[in-house]
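Residue numbers (my numbering): 296 to 1555.
One structure is given here, and the rest of the page talks about it.
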């Protein structure tokens, strides 16, 4: 009884080793014993060869149906045995030891894992007189799945293996079944194990004789003698009936075989309910049973037991009463489970667990705890119940009406009930088609439902299935109402609708993955078939159009409207007004130009993936030299084999002649904040690889406009990179540096004044009044410099002229005198030489003095460091001695004394006797030594104190030196304001420079490389510690070359940072000139280079309408030629409706006949123009949309119909492991539906999605 309702909770033998060991001892049957011995490798090889010969004979007998019974070996045990004996290796001639399991772990008893371990009293035991059924005494458990889990052998194989490994004997008869007039021999492997209750006259008399005490203290199994039985799933109820009659006769030793009836008790009944139910009905003699009578029902008589019985089922075997000569029990009129706290409570039909049973089948015989259990059990319950596939109560939603223009509850998802993502995604997109589902939401569909008859429906249904009612339409309407206006706002289980779709088409009956487009087509057609089609009234006749009229006026709007009215007669009202469109098929004979024109309807259009030639494209930014102008993004096509960077620049100039000069362009590669490389006419392909092959996605090709032609720029020009930054304060309070703009490039002549860099920076700034003032101030400074230089030149020229005049006068005097005083001349020369020698000696003295000063400083520093080390050592020694509570240095001296002391010599014998005086002398000597040690210690302490005083004095000196150094720095800073590289400035110049710097909103800092020395960063340009980008100095009397000569060690790049202290001070033109495709105006110009080689959905539509050449086996029979001819066939979209569903043909067969997926990216945006593709709307839309209906009656090829995207179905993965998702728009927000998970998605992530499969458009 313990295992009756706990089949799902039973665990395997491996996880219950202890419990199974105990159960084996209690089990009535034990495995056959084998002689235990240690097997050698040779024994196992012999065993393999023996089994091989036995198995060949066994397999042949089974194949030829020569056996009446077979022995079952658990397949897992057989595989373990093959590994143990290295079966395959030995048969193929390999070394068996190559298998790591060879002769390692010997398999246990055969079939041990699949035998049910129960006590003797828990299951039926068939006696010896029922020998043919004794094989049922060994019960298999849930681990045994039947034919897929068994190795069938004959008796010889079984006996040989059992003799070696022991085992539980499982025998199954092989019976002959007739299936469609063909004989089939099949072993009874898959079993079911229901519980059995026998009630006859003996049981009735026994129960009636008991008192209340007995019923309170006895369990249901004890009172009713409940047993477990085992039956083959192929059996019929008649087989059980015969077996139970024989068993009852044998058990009670009856002379005559009794008659029996088989009942199936309701699954929801609990043990106590069964016990008390039989007790009450027998004591009251009402004899009512809550269950179904199987043996007298024709439905159950013809079905196999596996179709309506489970191992959790309860069977009641009613024995015919001999006293009354009839069957006493009848079916109870009270249906359904008993209530517990006002709710039905009992065992669920599917999961067999005690729960509240909130769901039930309309047959009132099956109750479930959840919709999921009801759905999972529908196929099993559907074997005996026609209503199993439609068990929902639809009354509440059938009467509910909803009017919407958009989805009210976009956050409601559909739960995946077994590979149903294809259905869920399609339903979400159909629910977003407001005009289509409005027909179902306001219950208008009820007016158009057909009165179904099976015979008529079989002829009408396109799929040949038997749709004998309107349940599909009712379930679809209910599901749409739940998606649009669900009060619970929870996920929905689409079980009922899925069941009806399974009846509409066999494709959707199981749990296999299907195509979403195929589901949409079948769903629309199946819903259409359950509604009344459009019909012509008695006052209106069906329009007729002749073949000649079609050939002459097939593009006329009136004729197209007539044709649409004709083909729409086969469709319902809601399809005609929403999805139905019209194709025009034209076949043209290549020989005689004869045409055949036909029209056909469509609800979806499958377009091929258009072929597009592949080109190479590159994106580049063009940066003008003036920051006031905007940065522009260009996309250029190039040939990777022939084009160079120079070609690219020239092509760009041709397309923008008035704006770009290719000779004044500097190509560079930059990231968002820094220029990485400057290219001078380098190869284009390597440049592209440098950009695309880099891991960073923020690298761009940039063309900089420069002030002069690139060919004129030589080594004398210095390229200077300018970065633009500002400080940004976060709400948390900390400050950060923010990049304002893309970097710029300026060129400065190395021979020009260093201060001209300021002017170049100011000139590239946006034009404003402040800019003019700053330039004027700069010019004033520079003009004053020129005046000063001119005055100095005039003075030099005047002095030179005076000297020339004096020299001329002296020369004249000398010529008059006739000779020159040589002595005086030598004196002057000697005087000049003495002067130069004095100057050189002064220089040497100065150099010597500087060297001596440096040596003195070093000498001063050396004793300081030595003194400091001595002081540290003394301090450490003091601390160590203090811890040992000994005076300073005494311990060390004592240790040295012990080490230096000589070992004591033995005294002579007489001294030992007369040695008292000598001992006193030794004591006096030791006292002297101790006094000496104390004096030495005092001296050392005094030295240490003196050293401490010296240290204090040194520290005071260092402080004074620091104060003096600070004074010197202050004086140098003052001099720097007044002197610029040795030139003394007057008060006017100082004032002008200060005014110039104050007029700037920004600072120009030099971004120099840093060298880390210990813990400080030293600027390699200014040689200062922790320099944070030193400010660019205003050196107006020296050029750039002179600056670099003074900084010979500097080898870094010359980069400047234009820094604003506040972001508000930065000009707007600079803030809006970042090279970033995500955050700025270039986003509108953003072009994914991969997209340029990808076809658009419109190009796919154009490809769809291209003529197809019919030849070979596809030739067309021309009426005019009266023969098969080569022809061109074209299929054109003639008229479209409110909605347009376009699917992309991603799935195709390859050369090997295998179905593969094409992952080509298809471009699509929010709007789709059908200009030149479809020229008119269907007649029912002419007056519905004013924007698109103008001039509809006219034949105008330029007429444009614009559709707006509102839904996308995505397909991820491949054919083997794919997944569908839906994207739909509600009002202005897009939502992503991943089955039950619903989330918002940005609009940019919807368009041009790489996994787009089906696109839903609505007329704008």
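Ideal Cβ positions, reconstructed from N, Cα and C, are used throughout, including at glycine.
Small disclaimer: the values here were computed from a predicted structure and weren't measured.
Three or more Cβ pairs closer than 8 Å define a contact, and the stretch 797-809 falls short of that threshold against the stretch 768-775. Secondary-structure assignment with DSSP links residue 1041 through a beta bridge to 1015. In the DSSP assignment, residue 1443 falls within the beta strand (DSSP E) that extends over 1442-1444. Contact check for residue 448 against residue 364 fails: the beta carbons are separated by 9 Å or more. The beta carbons of residue 418 and residue 434 sit about 6 Å from each other, so the pair counts as a contact at 8 Å. In this structure, the beta-carbon distance from residue 1399 to residue 1021 does not fall below 9 Å.
Of 441, 1441, 628 and 776, the smallest CA-CA separation from residue 707 is found for 776. Here DSSP, grouped into helix, strand and coil, assigns residue 1252 to helix.
Beta-bridge partners of residue 1520 (DSSP): 1525. If only complete runs of 3 or more residues are kept, the stretch 1389-1427 shows the beta strand (DSSP E) at 1403-1405, 1411-1413 and 1418-1420, in order along the chain. In the three-state DSSP reduction, residue 486 falls in the strand class (E or B). In the three-state scheme derived from DSSP, where H, G and I count as helix and E and B as strand, residue 927 is classed as strand. Cβ-Cβ separation between residue 819 and residue 870: approximately 7 Å, consistent with a contact (criterion under 8 Å).
Nearest in C-alpha terms to residue 965, of all of 940, 997 and 1466, is 997.
Between the stretch 1416-1427 and the stretch 1448-1457, the count of Cβ pairs shorter than 8 Å is below three; the stretches do not touch. Relative to the Cα of residue 645, the nearest Cα in the group 572, 670 and 628 belongs to 670. Residue 440 has its alpha-carbon roughly 25 Å from the corresponding atom of residue 351. The closest CA to that of residue 536, considering only 588, 513, 355 and 584, is found on 588. The alpha carbon of residue 954 has as its nearest neighbour, out of 1000, 1303 and 922, the alpha carbon of 1000.
Under the three-state reduction of DSSP output, residue 994 falls in the coil class, being neither helix nor strand. Taking residue 601 as reference, the option from 500, 1444 and 485 with the minimal CA-CA separation is 485.
Burial is judged here by how many other beta carbons sit within 10 angstroms of a residue's own beta carbon; residue 908 has fewer than 16 and is exposed.
C-alpha of residue 556 to C-alpha of residue 765: approximately 39 Å in a straight line. If you look at residue 639, you'll find it isn't in any alpha helix (DSSP H); it sits in the beta strand (DSSP E) that goes 638-642. Listed in chain order, the non-local C-beta contacts of residue 399 below 8 Å within the same chain comprise 379, local neighbours out to five positions each way being set aside.
If you draw a straight line from the Cα of residue 654 to the Cα of residue 643, it comes to about 9 Å.
Around the C-beta of residue 561, 16 or more other C-beta atoms lie within 10 Å, and the residue is accordingly described as buried. Within the stretch 868-945, the complete alpha helix (DSSP H) segments at least 4 residues long are 868-871, listed from N- to C-terminus.
Less than 9 Å divides the Cβ of residue 1458 from the Cβ of residue 1543. A buried status is given to residue 1040, since no fewer than 16 other beta-carbon atoms sit within 10 Å of its beta-carbon. Nearest C-alpha to residue 1433 among 1388, 1521, 1340 and 1552: 1552. Bounds of the alpha helix (DSSP H) holding residue 515 are 515-519. A distance below 7 Å between beta-carbons, with the five flanking residues on each side excluded, links residue 980 to the following residues of its chain, in chain order: 935. Counting of Cβ neighbours within 10 angstroms places residue 1289 among the exposed residues, the total staying below 16.
In this structure, DSSP gives residue 697 a state outside helix and strand, which the three-state scheme calls coil.
As the crow flies, the alpha-carbon of residue 463 is around 19 Å from that of residue 353.
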